[in-house]
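Chemist: In this text, residue positions in the sequence shown follow our numbering: the first is 12, and each later residue adds one. Where a beta carbon is used, it is the ideal one built from N, C-alpha and C, also for glycine. Please read through the structure below; I'll follow up with questions.
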Amino acid sequence: MPTTVLWRDEPAKHDYPAAGNYLSLLADPDTVAYLVDQLQHAPIEHFRANDLLRAAGLELLPLGDYSVKVDLKKMILGTPLSPVLIVRGDVLNGFPLTIADGYHRICASYHLSEKTYIPCKVVDLPVKEVVPDKS
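As structure tokens, then:
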């Protein structure tokens, strides 16, 4: 097994539409278009697999998950993987980090080592008008 995971310099072109498709379940079309555009221009940053999962509030997928197995096999064979696409959370307003594309790659990396640093493109949520709580 390799001691380090190989990563591509940039996400694959198809990762951006995949991120947009996922984000379209969470946000309106204008916000999705904005976020995808921002992701395409964001610099690469590096975060540990365990921190990404914790910030997203997501469980680690098991080794038996098909997509995790596929990505883990690529890692073991030394095939470079795409960096992941992230929308930063907002702890003050209760929004967790969103993994727009790359959840399975993060989980596969974690199975090698929870401390694996993963290249990410990270963008902030756009500022929206806050609707007051009516409770």
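Once DSSP output is grouped into helix, strand and coil, what is the label at T109?
Modeler: The residue labelled residue 109 in the question sits at position 98 within the sequence shown. Strand, per DSSP.
Chemist: Reducing DSSP to helix, strand and coil, say where R59 ends up.
Modeler: Sequence index remark: in the sequence shown, residue 59 carries index 48 (1-based). Residue state, collapsed to three classes: strand.
Chemist: What is the DSSP secondary structure of T42, counted as helix, strand or coil?
Modeler: Translated into positions along the sequence shown, residue 42 becomes position 31. It is helical.
Chemist: What's the call for G75, buried or exposed, on a 16-neighbour Cβ count within 10 Å?
Modeler: Stepping through the sequence shown from its first residue, residue 75 is reached at position 64. By the Cβ-count criterion, G75 is exposed, with fewer than 16 other Cβ atoms from all chains shown falling within 10 Å of its own Cβ.
Chemist: Tell me the DSSP secondary structure of K24 in three-state form.
Modeler: By one-based count along the sequence shown, residue 24 stands at place 13. DSSP places K24 in coil when its eight states are reduced to three.
Chemist: Under the assumption that V81 contacts C118 (Cβ atoms under 8 Å), give the Cβ distance between them as a whole number of angstroms.
Modeler: Numbered from 1 along the sequence shown, position 70 holds the residue referred to as residue 81. Numbered from 1 along the sequence shown, position 107 holds the residue referred to as residue 118. Rounded, the Cβ-Cβ distance is 11 Å, inconsistent with contact.
Chemist: Return the chain-ordered list of same chain residues with a C-beta closer than 7 Å to the C-beta of D101, the five sequence neighbours on each side being excluded.
Modeler: Taking the sequence shown and counting its residues from 1, one reaches residue 101 at position 90. Answer for D101: L136, listed in chain order.
Chemist: Determine the direct distance from the alpha carbon of A111 to that of V98, and round the result to whole angstroms.
Modeler: Counting from 1 along the sequence shown, the entry for residue 98 is found at position 87. Counting from 1 along the sequence shown, the entry for residue 111 is found at position 100. Going by the C-alpha atoms only, they are around 7 Å apart.
Chemist: State the DSSP-derived secondary structure class of M12, mapped to helix, strand or coil.
Modeler: Taking the first residue of the sequence shown as 1, we reach residue 12 at position 1. Confidence is the limiting factor: at M12 the pLDDT is only 49, short of 50, which leaves the residue's position unreliable, though a coordinate-based value still follows. DSSP places M12 in coil when its eight states are reduced to three.
Chemist: With which residues is C131 paired in a DSSP beta bridge?
Modeler: Translated into positions along the sequence shown, residue 131 becomes position 120. Residue pairing by DSSP places C131 opposite E56, V95 in a beta bridge.
Chemist: Could you tell me whether the region 43-60 touches the region 117-133, using the rule of 3 or more Cβ pairs below 8 Å?
Modeler: In the pairwise beta carbon analysis, the region 43-60 is classified as touching the region 117-133: at least three pairs are separated by under 8 Å.
Chemist: Taking the alpha helix (DSSP H) that S78 falls in, what are its first and last residues?
Modeler: Mapped onto the sequence shown, residue 78 falls at position 67. First-last of the alpha helix (DSSP H) with S78: 77-88.
Chemist: Is the separation between the beta-carbon of L50 and that of V43 shorter than 8 Å?
Modeler: On the sequence shown, position 39 is the one that residue 50 refers to. On the sequence shown, position 32 is the one that residue 43 refers to. Inclusion of L50 and V43 in the CB contact set at 8 Å is not warranted, their separation being larger than that value.
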